[in-house]
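For reference, the structure discussed in these notes is given below.
Number of protein chains: 2
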Amino acid sequence: MKADLEPNLLLDEQLCFALYAASRRLTAVYRPLLDALGLTYPQYLVMLVLWERDGITVRELGARLQLDSGTLTPLLKRLEQADLLLRRRRESDEREVEITLTNAGRSLHERATEVPRCLAKKLCMSADEFVRLRDELKSLAIQLAPTQE
Amino acid sequence: MKADLEPNLLLDEQLCFALYAASRRLTAVYRPLLDALGLTYPQYLVMLVLWERDGITVRELGARLQLDSGTLTPLLKRLEQADLLLRRRRESDEREVEITLTNAGRSLHERATEVPRCLAKKLCMSADEFVRLRDELKSLAIQLAPTQE
DNA sequence: TCAAATTTAATTGTGCACAATATATTTTTT
DNA sequence: AAAAAATATATTGTGCACAATTAAATTTGA
């Protein structure tokens with residue numbers, strides 16, 4: 001079947017809705033796995049960043065996840081309450097807040113390794129399909145990024 | 001380059017983050033266009049459904065968008081406040097609430113036709129690429145749907 | 001040097017998402 | 001027909017997202 005070239009207002013033909021629905025569905029599949037770790041999905045993303053590089057600032061975290069302090073500040077406070085990380089002003093520049101994992105935060109990494117494995121099973125997708133879809137989405141996001149000037 | 005077969009915890013290799021980030025980016029591109037119509041992105045989705053078929057219930061709307069009454073009820077109340085639709089209990093079954101477009105709600109359709117056209121430009125994607133990505137996301141969502149039993 | 005501009009987080013306010021529960025109505029079962 | 005089960009929506013509460021504003025620290029530059 002030939003692709004319809006006319007942009008229209010039919011829900012089922014929108015890329016945006018397909019993206020929005022798939023993203024929510026995938027998050028819903030993560031939910032029970034992350035519940036077991038005591039994390040929400042955005043909190044899990046923050047932990048992924050910190051497991052890669054600890055001691056970064058809120059700004060660096062935000063740049064990585066494309067989230068601002070309005071989202072991150074309360075989220076990080078909750079993770080601090082859960083004893084997974086510490087927030088403290090940097091001495092070198094008091095504007096910045098440095099995020100440091102606690103021992104509990106670091107040890108959660110081990111239990112979290114089950115999460116991607118468990119998800120890979122549910123995805124029923126070959127590694128090549130996985131990589132191709134992921135990279136298409138990444139370039140879409142880059143292409144839609146605000147014009148940098 | 002060969003696809004990495006090992007599921008891991010690196011942010012940039014996660015499909016979920018690519019999906020989450022792309023979805024938020026695309027919504028952000030819609031935002032100024034929808035602001036002009038006085039709609040948020042989820043409100044726009046509701047209007048898409050109603051422009052296709054008016055007089056449906058909250059349940060049918062929810063089935064279509066995969067949203068529950070906890071999300072839809074307040075959203076629909078806001079659209080009612082904006083004079084775009086009416087909510088009223090059905091006489092045939094008082095449990096159901098039927099959503100009907102007002103004249104203002106119907107006439108918004110015409111102005112909205114600009115939205116997908118405007119977006120198609122920003123996407124810089126061939127119709128075939130567009131359709132393929134959209135349909136991959138749709139089958140991903142279907143595949144991740146809760147096991148129906 | 002010191003005033004202006006910039007940078008970084010936090011705060012405030014709105015609007016989703018979604019789980020859990022409540023309420024009212026309808027249908028089914030006994 | 002009455003009780004029980006199922007259905008549809010609303011409500012409550014938590015946690016994002018994100019725009020707009022505020023506040024404090026730092027950098028820039030006249």
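Chains as they are written, first to last, in UniProt numbering: chain X, 1 to 149; chain Z, 1 to 149.
Glycine residues also receive a C-beta, built at the ideal position from the N, C-alpha and C atoms.
All figures in this text were calculated on a predicted structure; none of them were measured in a lab.
Please decide whether residue 43/X counts as near chain Z, where near means a Cβ-Cβ distance under 8 Å.
-> no
Of the residues 40/X, 81/X, 91/X, 125/X, the one placed nearest residue 7/Z, counting alpha carbons only | 125/X
Determine, using beta-carbon pairs with one atom in the region 12 to 22 of chain Z and one in the region 11 to 26 of chain X, whether at least three such pairs fall under 8 Å.
-> Contact between the region 12 to 22 of chain Z and the region 11 to 26 of chain X is present, because at least three Cβ pairs lie under 8 Å.
Please classify residue 94/Z: does DSSP put it in a helix, a strand, or coil?
-> coil
Minimum C-alpha distance to residue 103/X - residue among 70/X, 83/X, 44/X, 10/X = The shortest C-alpha to C-alpha distance from residue 103/X to any of 70/X, 83/X, 44/X, 10/X is the one to 83/X.
Range of the contiguous beta strand (DSSP E) that encloses residue 157/Z | Not covered by the structure: residue 157/Z. The range shown for chain Z is 1 to 149.
Determine the chain X residues that contact residue 134/Z at a beta-carbon separation under 7 Å, and present them in chain order.
-> 15, 18
Name the chain X residues whose beta carbon is nearer than 7 Å to that of residue 113/Z?
-> 9
Residue 33/X beta carbon less than 8 Å from that of residue 112/Z = no
Can you find a C-beta in chain Z that's less than 8 Å from the C-beta of residue 52/X?
-> yes
Proximal residues of chain Z, C-beta to C-beta of residue 24/X below 8 Å | 66, listed in chain order.
Please compile the residues from chain X whose C-beta is within a distance smaller than 8 Å of the C-beta of residue 49/Z.
-> 11
Out of 53/Z, 98/Z, 54/Z, state which residue places its alpha-carbon closest to the alpha-carbon of residue 69/Z.
-> 98/Z
Given 8 Å as the limit, is there contact between the region 132 to 139 of chain Z and the region 86 to 97 of chain Z, that is, 3 or more CB pairs closer than that?
-> no
Where DSSP assigns a beta bridge to residue 137/Z, which residues make up the other side?
-> According to DSSP, residue 137/Z bridges with nothing at all.
Limits of the unbroken alpha helix (DSSP H) element including residue 150/X | As shown, chain X starts at 1 and ends at 149. That puts residue 150/X outside it, with no answer to give.
Unbroken alpha helix (DSSP H) run spanning residue 144/Z, endpoints = No alpha helix (DSSP H) holds residue 144/Z; DSSP gives it neither H nor E.
Please compile the residues from chain Z whose C-beta is within a distance smaller than 7 Å of the C-beta of residue 29/X.
-> Close partners of residue 29/X in chain Z (Cβ separation under 7 Å): 144.
Distance, Cα to Cα, residue 72/Z vs residue 12/X?
-> 19 Å
Exposure label - residue 27/X; buried when at least 16 CB within 10 Å | buried
Any chain Z beta carbon closer than 8 Å to residue 141/X = yes
Measure the CB-CB distance between residue 46/X and residue 86/X and report whether it falls below 8 Å.
-> Note that the C-beta distance between residue 46/X and residue 86/X is not below 8 Å.
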